[in-house]
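In the working numbering, the protein residues as written are 1 to 191.
Glycine included, C-beta positions come from ideal geometry on N, C-alpha and C.
To start, the structure itself, in structure tokens.
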Amino acid sequence: MRLSLKTLIDLLAFIILFLAITSASCTKDTATTTITTTTVKCVTCSNGGACINDTCVCPSGYEGVSCETISRQKFFGNWSVFEKGSTSPAAQYPVSITEGSTINSVVIQNFYNYFYAYINATIIRDTILIPTQQYQGKIVYGMGYIYNSTTYGQNGAINMKYEVIDTATGVINDFGYNSGADHSNASIWDR
1 MRLSLKTLID
11 LLAFIILFLA
21 ITSASCTKDT
31 ATTTITTTTV
41 KCVTCSNGGA
51 CINDTCVCPS
61 GYEGVSCETI
71 SRQKFFGNWS
81 VFEKGSTSPA
91 AQYPVSITEG
101 STINSVVIQN
111 FYNYFYAYIN
121 ATIIRDTILI
131 PTQQYQGKIV
141 YGMGYIYNST
151 TYGQNGAINM
161 KYEVIDTATG
171 VINDFGYNSG
181 ADHSNASIWD
191 R
């Protein structure tokens, strides 16, 4: 049986297309029975992610198995802050976090129960970074991380460590940022 040149080309094109589809962006699942086997499941890396060593490597601002999740979204919403600074009494007040101008930025409203201007922050996966910024006679900077809370569920709490420096007096109000390894004065934010 002889195949025509066109049939051979079509068959070759099909094989190449099949190989390209099955080898692009793959992750491995290992199932164990009496014999260990490896099954390859193909996924597509979204949002500009790249498949490296069978894993999607996500660009800044995205996470998930396929880079399908925008990292900052888990921080959005209203939070109840519970804190006691090194120079201030215990306080409880609300803050809100909304999207910023880039895919990995957010803005915090009512930060420190003082700032009427928004405080800008950057999200890297589960971490929120507050770069040094000055508003209303104060300098603020810090960082925190979001975590699962038994009371408030998945991504239900943020452990925030920051400092506020009064530019007129030089007094530093520390909220766990430089209070030692235990970070005992950390500000706790709950949903």
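Exercise. Where does Q73 sit, in a helix, a strand or coil, going by DSSP?
Worked result: One-based indexing of the sequence shown puts residue 73 at position 73. In this structure, Q73 counts as helix in the three-state DSSP scheme.
For this session: Would you kindly check if the distance between the Cβ of Q109 and the Cβ of S192 is under 7 angstroms?
Result: The question about residue 192 has no answer, for the chain in this structure spans 1 to 191.
Problem set entry | For N113, three-class secondary structure by DSSP | As a first step, residue 113 must be located in the sequence shown, where it is residue number 113. Helix.
For this session: Return helix, strand or coil for C56, following the three-state DSSP convention.
Result: Here residue 56 is taken as the residue at index 56 of the sequence shown, counted from 1. Strand at C56.
Exercise. Which value, in whole angstroms, describes the spacing of the CA atoms of I124 and S66?
Worked result: Taking the first residue of the sequence shown as 1, we reach residue 124 at position 124. Taking the first residue of the sequence shown as 1, we reach residue 66 at position 66. Between I124 and S66, the C-alpha separation is close to 17 angstroms.
For this session: Run the CB neighbour count on Y177, radius 10 Å, all protein chains shown included, and call it buried at 16 or more, exposed below.
Result: The residue given as residue 177 occupies position 177 in the sequence shown. Its Cβ being crowded by 16 or more others within 10 Å, Y177 is buried.
For this session: Using alpha carbons as the reference points, say which of G64, E99, S71, I172 lies closest to N78.
Result: To locate residue 78, count along the sequence shown from 1; it is residue 78. Nearest option by C-alpha distance: E99.
Exercise. Which term fits N113, buried or exposed, when burial requires 16 or more other beta carbons within 10 angstroms of its beta carbon?
Worked result: Numbered from its first residue, the sequence shown carries residue 113 at position 113. Burial call: exposed.
Exercise. Are A186 and N159 touching if we call contact CB-CB under 7 angstroms?
Worked result: Taking the sequence shown and counting its residues from 1, one reaches residue 186 at position 186. Taking the sequence shown and counting its residues from 1, one reaches residue 159 at position 159. Contact flag set, yes.
For this session: Report buried or exposed for G153, applying the criterion of at least 16 other Cβ atoms within 10 angstroms of its Cβ.
Result: Here the question's residue 153 lines up with position 153 in the sequence shown. Label assigned to G153: exposed.
Problem set entry | Three-state secondary structure assigned by DSSP to I103 | The residue labelled residue 103 in the question sits at position 103 within the sequence shown. Note: I103 maps to coil in three-state DSSP.
Exercise. Which of the three DSSP states, helix, strand or coil, is assigned to E68?
Worked result: Counting from one through the sequence shown, the residue named residue 68 turns up at place 68. It is coil, neither helix nor strand.
Exercise. Would the beta-carbon of V164 fall within 7 angstroms of that of K138?
Worked result: Position 164 of the sequence shown, counted from the first residue, corresponds to residue 164. Position 138 of the sequence shown, counted from the first residue, corresponds to residue 138. In this structure, K138 lies closer than 7 angstroms to V164 by Cβ.
Exercise. Do N104 and G144 have their CB atoms nearer than 7 angstroms?
Worked result: Against the sequence shown, residue 104 aligns to sequence position 104. Against the sequence shown, residue 144 aligns to sequence position 144. Result no, Cβ atoms of N104 and G144 do not sit closer than 7 angstroms.
Exercise. Among residues of its own chain, excluding the 5 on either side of T122, which ones have a beta-carbon nearer than 6 angstroms to its beta-carbon?
Worked result: Mapped onto the sequence shown, residue 122 falls at position 122. Once the five neighbours on either side are set aside, the close Cβ partners of T122 are N104, S105, L129.
Exercise. What is the DSSP secondary structure of P94, reduced to helix, strand or coil?
Worked result: In the sequence shown, residue 94 corresponds to position 94, counting from 1. Strand at P94.
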